[in-house]
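The sequence shown begins at 5 in our numbering and counts up one residue at a time.
The structure under discussion appears below in the form of structure tokens.
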Amino acid sequence: MEDKRSIAHMDLDTFFVSCERLIDSRLVGKPVLVGGTSDRGVVAACSYEARRFGVHSAMPMKLAKQLCPEAVVLRGNSGIYTNYSNMVTDIIKESVPLYEKSSVDEFYIDLTGMDRFFGCYKLVSELRDRIIKETGLPISFGLSINKTVSKIATGEAKPNNKIQIERGMEKGFLSPLSVRKIPMVGNKTYQSLCDFGMKRIQNVQQMPVKVMEKVFGKNGVGIWKKANGIDLSPVIAYQERKSISTERSFDQDTTDVVRLKSIITAMAENLIFQLRRGNKLTACVTVKIRYSDFTTYTQQRKVPYSASDHLLLPVVMDLYDKLYNRRLLVRMVGVRFSHLVEGGHQINLFEDRPELIQLYNAMDYLRDKFGDRAVLRASGFGAKTIGRFNPFSGEAPPLLANRRE
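Right under this line is the structure:
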């Protein structure tokens with residue numbers, strides 16, 4: 005039963021900024037922006053000092069610098085952030101029976117039943133104190149009967165604080181808050197809710213669920229449940245990935261055909277390697293292109309389950325050729341493999357030569373030993389950065405402060 009659960013949500017405050025301040029104490033108290041340093045970059049994280057100027061995450065860096073000219077802009081280092089994240093993960097892993105790492109800086113912890121032995125609020129408070137003491141990172145938490153209420157509570161507790169929502173007080177806690185606080189409510193949904201006079205969560209609570217379903221579909225039912233503090237989703241220690249993808253945005257829009265194909269090739273080749281490393285196969289290939297006018301087009305194709313370069317790369321390039329329009333400048337390209345299943349490559353007795361399979365094994369061995377860029381096709385040299393993150397390790401992916409070709 006939901007009302008017997010105790011779920012904590014912990015969130016490292018302005019995580020990237022906090023890591024940078026541990027490295028350079030001169031940044032303490034200053035407005036700091038972490039993200040892409042070019043005009044095309046995006047703010048990955050910003051300090052509370054910068055937020056006072058209206059800056060927020062996912063904002064174009066150019067606009068952020070206009071709003072806060074005195075801000076210190078840092079490109080960031082995903083390796084450092086991942087190391088600090090792992091430090092926090094290790095502490096949590098040692099201290100609680102079940103946790104879910106939902107992102108590089110967020111954790112859900114299931115403490116159901118622990119109150120009879122220790123006291124859930126006391127346990128999470130001591131865990132928070134230990135994290136702060138051993139890592140120096142500020143962290144906030146919310147504690148309630150489910151994930152949704154706890155996540156919202158964490159947001160209200162920030163910065164660097166804690167809050168517990170007692171059983172039966174969920175609706176009262178949520179009612180005065182903006183509907184923006186509800187997870188899954190984005191800008192478009194928020195505007196739609198406002199158009200119907202639902203600016204506060206209380207307005208959604210008072211709306212019949214049938215009306216919400218009629219107006220917003222299944223999404224409306226989900227919003228209504230969350231607004232009423234209803235969330236039965238469990239804390240999941242590990243969840244199989246259904247897809248892997250990568251994207252590259254350019255500092256300047258381009259029509260350089262050779263460059264575009266080089267980057268697409270490198271991205272696809274790296275993703276295929278990740279499939280083999282994770283013992284996965286894909287059955288659906290998707291390519292995405294965003295043009296300079298921000299129109300975005302995708303093409304996808306179902307394929308027989310595979311994790312082989314010679315089978316998947318031609319599909320990727322064919323989809324790209326169908327999407328690319330030389331009359332328009334390209335802003336971003338992306339590749340995605342989905343419908344993933346467990347399994348290794350199935351040898352085709354009529355098409356796959358033993359030498360080809362041996363070549364893949366040798367390439368993968370070198371990449372595992374010397375890094376993902378140890379072996380590349382010559383046509384893929386145009387991509388200067390390829391992530392070394394293993395998407396099938398069970399860890400949440402690191403949030404890269406800046407991804408550029």
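We put the beta carbon where it would ideally sit given N, CA and C, even for glycine.
DSSP lists Asp15, Ser107 as the beta-bridge partner residues of glutamate 110. Closest in C-alpha terms to aspartate 313, from the list Leu363, Ser342, Val189, Ile276, comes Ile276. Across the structure, alanine 75 and serine 22 are spaced so that their CA atoms are roughly 15 Å apart. Going by DSSP, leucine 37 is part of the beta strand (DSSP E) stretching over 36-39. If you compare the alpha carbons of Gly201, Ser196, Ser247 with that of asparagine 223, the shortest gap goes to Ser196. The three-state secondary structure of tyrosine 295, taken from DSSP, is strand.
Every alpha helix (DSSP H) of 4 residues or more that sits fully in the region 200-241 is shown, in chain order, as 205-209, 213-220, 222-231.
Within 10 angstroms of the beta-carbon of valine 46 lie 16 or more other beta-carbons, which makes it buried. For aspartate 43, the secondary structure class from DSSP, reduced to helix, strand or coil, is coil. Three or more pairs of CB atoms, one per stretch, sit closer than 8 Å, so the region 50-60 contacts the region 11-31.
Following the DSSP letters along the chain, one finds aspartate 313 inside the alpha helix (DSSP H) bounded by residues 313-327. Taken atom to atom, the span from the alpha-carbon of serine 89 to that of aspartate 17 is near 12 Å.
Non-local C-beta neighbours of proline 163 in its own chain, meaning closer than 8 Å and more than five positions away in sequence, comprise Asp17, Thr18, Tyr52, Pro142, Ser144, ordered along the chain. Looking at the DSSP output, serine 148 bridges to Ile11. In the three-state reduction of the DSSP assignment, arginine 245 falls in the coil class. Classified as buried, glutamate 174 has 16 or more neighbouring CB atoms from the shown chains inside 10 Å of its CB.
One thing to note: isoleucine 156 has its Cβ no nearer than 8 Å to the Cβ of leucine 115.
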